[in-house]
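A.B. asks: Start counting the sequence shown at 1352; every next residue gets the next number (my numbering). The beta carbon of each residue, even a glycine, is placed where N, CA and C say it ideally should be. Quick caveat: nothing in here was measured; it's all calculated off a predicted structure. Got a structure here, written out as structure tokens. Questions coming.
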Amino acid sequence: MTIEAALPQPFNSAHFVDPHRAYARLREEGPVHQVALPDGTPIWLVLREADVRAWLTDDRLSVNKAKSGNGYKGFSLPPALDANLLNIDPADHLRLRRLVSKTFTPRRVEALRDGVQAAADGLADVLARCMETNGAADLVSQFANPLPLVVIGDLLGVPEQDRKPFSDWVTTMFDPQGREDMANAVDSIHHYLVELIEQRRHEPDDRLLSALIAVRDEGDTLTEDELVSLAFLILFAGSESTQHVISGGLLTLLEHPRQLGALREYPALLPDAVEEILRYAHPNQMAIRRFPTEDIVIGGTRIPAGDTVMLCPASAHRDPQRYPEPDRFDIHRTDKSHLALGYGVHYCLGAPLARLEIQTALGTLLRRFPKLSLGVPADQLRWRPSFRSHVVKELPITAG
Ligand code: HEM
């Protein structure tokens, strides 16, 4: 029997519905656990807030798979999508991040506010019509999914009709019916981006992708794989998590009517409510993967160089050593810091945009639908069967 086969595999169907129960049990047993992912990949799971925060800024943890000692065999993208910020250590990381950081500064993002609001209003019209005709609408497919796609698609220069197919491939990539299904989705994403880049090379526009193509073609600061990977990362990261925070955020508010009432009464609480949603309902469970470049000790556990470490902010956010009553959703919390958008050099590039979109989305929904309710009992909601993200597949809502 291999060591891997003997490892516990905590990511079962109960975990997909309520990961926090499993994290709480594991955290009580110890701060770090060696477990297997569903595909058998052995990982070290780091659960406590102090450890996750400290190790996010420790350069003995690399993001580069090449630092994996025994040849990392877990989830991987082909090199033409993988050469992105999330998998590159300094100094190459800084070179690439500089190319896109100006587009996402708080000032540049603030200039997008009216456009984001107009997109949210348009989608709220769609929801209203659907609720009027059918009695219910699906917040995920009719609002939370399209909103960030419109915003990041416009910014990058992705034609409107291509956004939904891209998003469907990403969903299949994370929730495939089988290995072949996943490989086909990854292939489709890759081919699509290569074609789009070729098209923009011949017919440039004034959007970010054309600007990056110009950087690539005018100098030697960007390889072709890096260009495709950067386009992939921005389109994928700019739409995937944001939609899940919008739907998970609304679900959390509907499940906490007193907090929702307070927010309806004092809309100025919205930014605080969004920070608490990011802490309490953070959708990304197993997204922060690192490889130690030397033997290290986390929480008293020795981890050999080259093993796979997963830093788990979703667990850190429920750590009672860090947050009083961590399982209580409370938009009045005075301590608003969290790790949902990362920390350190890989801190989320799109953090100001994510906040603007989530605040606009939830603010619009609450203003527009004063009696918004869940269309099915919460225990009938279907969750994505994934250890990577805790997200609802659909969120039926009614106008009350
Ligand atoms: C609520 C929504 C979002 C969440 C929860 C989120 C979360 C994160 C986290 C945790 C990281 C760091 C990962 C790591 O350290 O391994 C990250 C990085 C990143 N995010 Fe976001 N993100 C969100 C929205 C966005 C948006 C709207 C964009 C748009 C551009 C974006 C672009 C990026 C990029 C490019 C990186 C890589 C940064 C780097 O490695 O330097 N994200 N995000």
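For the region 1368-1436, list the alpha helix (DSSP H) runs that are entirely contained and at least 4 residues long, ordered along the chain.
C.D. replies: Runs of the alpha helix (DSSP H) inside the region 1368-1436: 1370-1380, 1400-1407 and 1430-1433.
A.B. asks: What's the gap between the Cα of V1696 and the Cα of V1727?
C.D. replies: Taking the straight line from one Cα to the other gives about 42 Å.
A.B. asks: Do you know how far the Cα of F1583 is from the Cα of N1435?
C.D. replies: Approximately 8 Å, taken between the alpha carbons.
A.B. asks: How would you label H1668, buried or exposed, when you count the other beta carbons within 10 angstroms and need 16 or more for buried?
C.D. replies: Buried, by the Cβ-count rule.
A.B. asks: Among the residues of its own chain, which have a CB less than 8 Å from the CB of R1552, if the five just before and after it don't count?
C.D. replies: Closer than 8 Å at Cβ, skipping near neighbours: I1564 and D1568.
A.B. asks: Using C-beta distances below 8 Å, list every residue in its chain close to P1622, excluding the 5 sequence neighbours before and after it, in chain order.
C.D. replies: So the list reads R1706 and Q1710, once near-sequence residues are dropped.
A.B. asks: Could you pull out every unbroken alpha helix (DSSP H) segment of at least 4 residues lying fully inside the region 1527-1572, listed in chain order?
C.D. replies: Fully enclosed alpha helix (DSSP H) runs of 4 or longer: 1530-1553 and 1559-1569.
A.B. asks: If you draw a straight line from the alpha carbon of V1742 to that of W1734, how long is it in whole angstroms?
C.D. replies: If you take the alpha carbons of V1742 and W1734, they lie about 6 Å apart.
A.B. asks: Do L1412 and R1641 have their CB atoms nearer than 8 Å?
C.D. replies: Their beta carbons are under 8 Å apart, which means L1412 touches R1641 by this criterion.
A.B. asks: Relative to ligand 1, is the shortest distance from any of its heavy atoms to the C-beta of I1639 smaller than 7 Å?
C.D. replies: Answer for I1639: yes, Cβ within range of ligand 1.
A.B. asks: Assign T1603 to one of three DSSP states: helix, strand, or coil.
C.D. replies: T1603 falls in the helix class under three-state DSSP.
A.B. asks: Work out the CA separation of D1526 and S1737 for me, nearest whole Å.
C.D. replies: Answer to the nearest angstrom: the Cα atoms are 7 Å apart.
A.B. asks: Does DSSP classify T1593 as helix, strand or coil?
C.D. replies: Three-state result, T1593: helix.
A.B. asks: Going by DSSP, which residues form a beta bridge with N1635?
C.D. replies: S1740, per the DSSP bridge assignment.
A.B. asks: Inspect the beta-carbon positions of R1448 and T1572 and report whether they are closer than 8 Å.
C.D. replies: Contact flag unset, no.
A.B. asks: Smallest Cα separation from R1718: which of N1635, E1626 and Q1468?
C.D. replies: The shortest C-alpha separation from R1718 is found at Q1468.
A.B. asks: Just to confirm the assignment, what range does the alpha helix (DSSP H) spanning R1514 have?
C.D. replies: Its alpha helix (DSSP H) spans residues E1511 to F1525.
A.B. asks: Can you tell me whether P1516 is buried or exposed, with buried defined as 16 or more other CB within 10 angstroms of its CB?
C.D. replies: Per the 10 Å Cβ criterion, exposed.
A.B. asks: Can you list, in chain order, the residues of its chain with a C-beta nearer than 6 Å to that of G1701? Leave out the 5 residues immediately preceding and following it.
C.D. replies: Hits under 6 Å: F1455 and G1589.
A.B. asks: Could you please give the first and the last residue of the uninterrupted beta strand (DSSP E) stretch that includes T1749?
C.D. replies: Where T1749 is concerned, the enclosing beta strand (DSSP E) stretches over P1747 to T1749.
A.B. asks: Return yes when the Cβ of A1495 is within less than 8 Å of the Cβ of Q1594, no when it is not.
C.D. replies: In this structure, A1495 lies closer than 8 Å to Q1594 by Cβ.
A.B. asks: In this structure, what does DSSP give as the bridge partners for R1641?
C.D. replies: Answer by DSSP bridge pairing, in chain order: V1660.
A.B. asks: S1592: beta carbon under 7 Å from a heavy atom of ligand 1?
C.D. replies: Within the cutoff, so yes.
A.B. asks: Could you check if R1684 is buried or exposed, using at least 16 other CB atoms within 10 Å of its CB as the buried criterion?
C.D. replies: Burial call: buried.
A.B. asks: Identify whether S1688 lies in helix, strand or coil by the three-state DSSP scheme.
C.D. replies: The answer is coil: DSSP assigns S1688 none of H, G, I, E or B.
A.B. asks: Taking 7 Å as the cut-off, is the CB of V1596 close to at least one heavy atom of ligand 1?
C.D. replies: True, at least one ligand heavy atom lies under 7 Å from that Cβ.
A.B. asks: Put L1732 into one of helix, strand or coil per three-state DSSP.
C.D. replies: It is coil, neither helix nor strand.
A.B. asks: Tell me which same chain residues have a C-beta within less than 6 Å of the C-beta of M1637, skipping the five on either side of it?
C.D. replies: These residues qualify, in order along the chain: M1661, F1738 and R1739.
A.B. asks: Is N1415 closer than 8 Å to D1390 when the C-beta atoms are compared?
C.D. replies: The answer is no: Cβ separation not under 8 Å.
A.B. asks: Provide the residue(s) that pair with V1648 in DSSP beta bridges, ordered along the chain.
C.D. replies: In the DSSP output, where bridge partners are listed per residue, V1648 has R1653.
A.B. asks: Taking the straight line between their C-alpha atoms, what separation do you get for T1502 and D1658?
C.D. replies: At residue 1502 the sequence reads Val, which differs from the Thr that was named. The alpha-carbon atoms of V1502 and D1658 are separated by roughly 38 Å.
A.B. asks: To the nearest angstrom, how far is it from the Cα of H1607 to the Cα of A1624?
C.D. replies: Their Cα atoms are separated by approximately 12 Å.
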